[in-house]
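What follows is a short report on a single structure.
Residue numbers (our numbering): 5 to 419.
Here it is as structure tokens:
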């Protein structure tokens, strides 16, 4: 049997064709078996909607009494009795201490006798003066003697006036032995006990009475904050709320809110050189006397109203390597864009954004680890704080969600 002769060249061509066919078949099979590309990652977004918010400022402060009176003796002597209970409420004029009045009664009696003697001298001196006035007219006495009689009568009248003043002083000193409450309020601890020797106007107060029905709260605000507030008001970015601008709320040291609002009284006219701050004073009703002098509090003051304010959840804002605030925004093409933002302050659990965002922007606040700049994502509108299981609107196209966002003022939110 004769086989056809195949040239080496023809064999090589056949081998190449077979290899090509094999590669094509393999590539087709691989393409059919390759896994499909993963869908874009879902991220929770919030569509920016400007709204009106009431801005508040929380400042540290201390409580002080509306009226404070330190009780001191105005005469010296031995304390006989203490006529009050420490920590109780006292009325103005109520007896607090009794100093031994015996020496002051004696002084008062002596002053009365001195006045009586002076008044008797006036009668005699006046009678002599009247007689000498008649006698000098008939030259029965010299003019000098008459003048001396008149002067003696005037001196006797002056002695009466001095004796009356001395008697009044003695009466006042006797009254001062009964030490009374200068104001109504709550009295503190007594520094002396019966039997103690006290002196007039001594440095140490016997006790202190404080009026607590109404109370002062002194808070400090930095001069920089005050200047910023005035600039925002002047620029029109912040408007005062006439109904609430003088209203002040209190947070107590344990975090609870004081149930009664106070009123801002005044702002100091000078800046403290050491702390570079300004003191503000507010008054609060204190019917149950829950607020005590010296108590540390935080006062919440109404600064004003910001219209068209942009607020985003705090978790939507991060910091880059330089410490600048940034936010991730999903564009109309579904790609993530990094934005530099300005966040001067927080409002509750949100950031107030001054620059970097606008109405309709879709800001990522959930799934930030998936939202890398330039990454393709699927934006899902969610409610902050509701969790990933409670989407508000699934945005099939980021552009659609952006077009649906219209700037509409919302109810004012507080800090």
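Think of the CB as a built atom: it goes at the ideal place given N, C-alpha and C, for glycine as much as any other residue.
As assigned by DSSP and simplified to three states, the class of residue i
i	result
residue 103	strand
residue 344	strand
residue 281	strand
residue 137	helix
residue 385	strand
residue 88	coil
residue 195	coil
residue 5	For residue 5, the pLDDT reaches just 42, beneath the cut-off of 50, and the residue's location in the model is therefore unreliable, although a value from the coordinates is still provided. DSSP places residue 5 in coil when its eight states are reduced to three.
residue 188	coil
residue 33	Annotation note: pLDDT 49 at residue 33 (below 50); position unreliable, no value reported.
residue 376	coil
residue 333	strand
residue 227	helix
residue 319	helix
residue 326	coil
residue 182	strand
residue 457	The chain is shown from 5 up to 419; residue 457 falls before or after that span and cannot be answered.
residue 365	coil
residue 393	Note on residue 393: pLDDT 41, under 50, position unreliable in the model; no value is reported.
residue 351	strand
residue 82	strand
residue 69	strand
residue 118	helix
residue 302	strand
residue 211	strand
residue 252	strand
residue 148	helix
residue 110	helix
residue 296	coil
Beta carbon of residue i nearer than 8 Å to that of residue j
i	j	result
residue 436	residue 201	What the structure shows of the chain is the stretch from 5 to 419, and residue 436 is not part of that stretch, so it cannot be assessed.
residue 267	residue 286	yes
residue 307	residue 251	no
residue 375	residue 368	yes
residue 72	residue 293	no
residue 103	residue 133	no
residue 161	residue 126	yes
residue 47	residue 371	yes
residue 438	residue 93	Nothing can be reported for residue 438, as the shown portion of the chain is limited to 5 through 419.
residue 167	residue 203	no
residue 194	residue 90	yes
residue 174	residue 122	no
residue 340	residue 378	yes
residue 129	residue 156	yes
residue 112	residue 79	no
residue 216	residue 105	no
Nearest candidate by alpha-carbon position, reference residue i, set the options
i	options	result
residue 347	356, 339, 176, 341	356
residue 56	169, 313, 275	313
residue 318	350, 111, 332	350
residue 335	42, 386, 51	51
residue 278	293, 224, 231	224
residue 264	218, 178, 222	218
residue 388	320, 153, 342	320
residue 360	288, 372, 345	345
residue 64	192, 158, 257	257
residue 269	60, 46, 70, 206	70
residue 290	340, 220, 275	220
residue 259	303, 145, 273, 288	303
residue 165	124, 58, 332, 131	124
residue 208	381, 59, 75	75
residue 352	49, 300, 44, 59	59
residue 227	330, 280, 149, 378	280
residue 180	136, 140, 83, 121	83
residue 299	61, 325, 262, 323	262
residue 61	386, 362, 274, 253	253
residue 331	316, 138, 297, 192	316
Beta-bridge pairing of residue i - partner residues as DSSP gives them
i	result
residue 57	310
residue 48	370, 384
residue 176	Per DSSP, none; premise fails for residue 176.
residue 218	289
residue 203	Looking at the DSSP assignment, residue 203 forms no beta bridge with any residue, so it has no partner.
residue 360	DSSP lists no partner for residue 360.
residue 75	211
residue 62	304
Assumed close pair residue i, residue j - CB separation to whole angstroms, cut-off 8 Å
i	j	result
residue 100	residue 176	No, residue 100 and residue 176 are not in contact; Cβ-Cβ is about 18 Å, not under 8 Å.
residue 310	residue 188	Between residue 188 and residue 310 the Cβ distance is about 44 Å, and since that is not below 8 Å, they are no contact.
residue 86	residue 198	6 Å
residue 233	residue 282	No, residue 233 and residue 282 are not in contact; Cβ-Cβ is about 11 Å, not under 8 Å.
residue 381	residue 45	5 Å
residue 136	residue 120	Incorrect: roughly 25 Å between the Cβ atoms, too far for contact.
Closer than 7 Å: residue i CB and nearest the ligand MN heavy atom
i	result
residue 347	Because no ligand of any kind appears in the structure shown, any question about the ligand MN cannot be addressed here.
Residue-level contact to chain B via CB, residue i, 8 Å cutoff
i	result
residue 369	Given the protein chain composition of this structure (a single chain), no chain B is represented.
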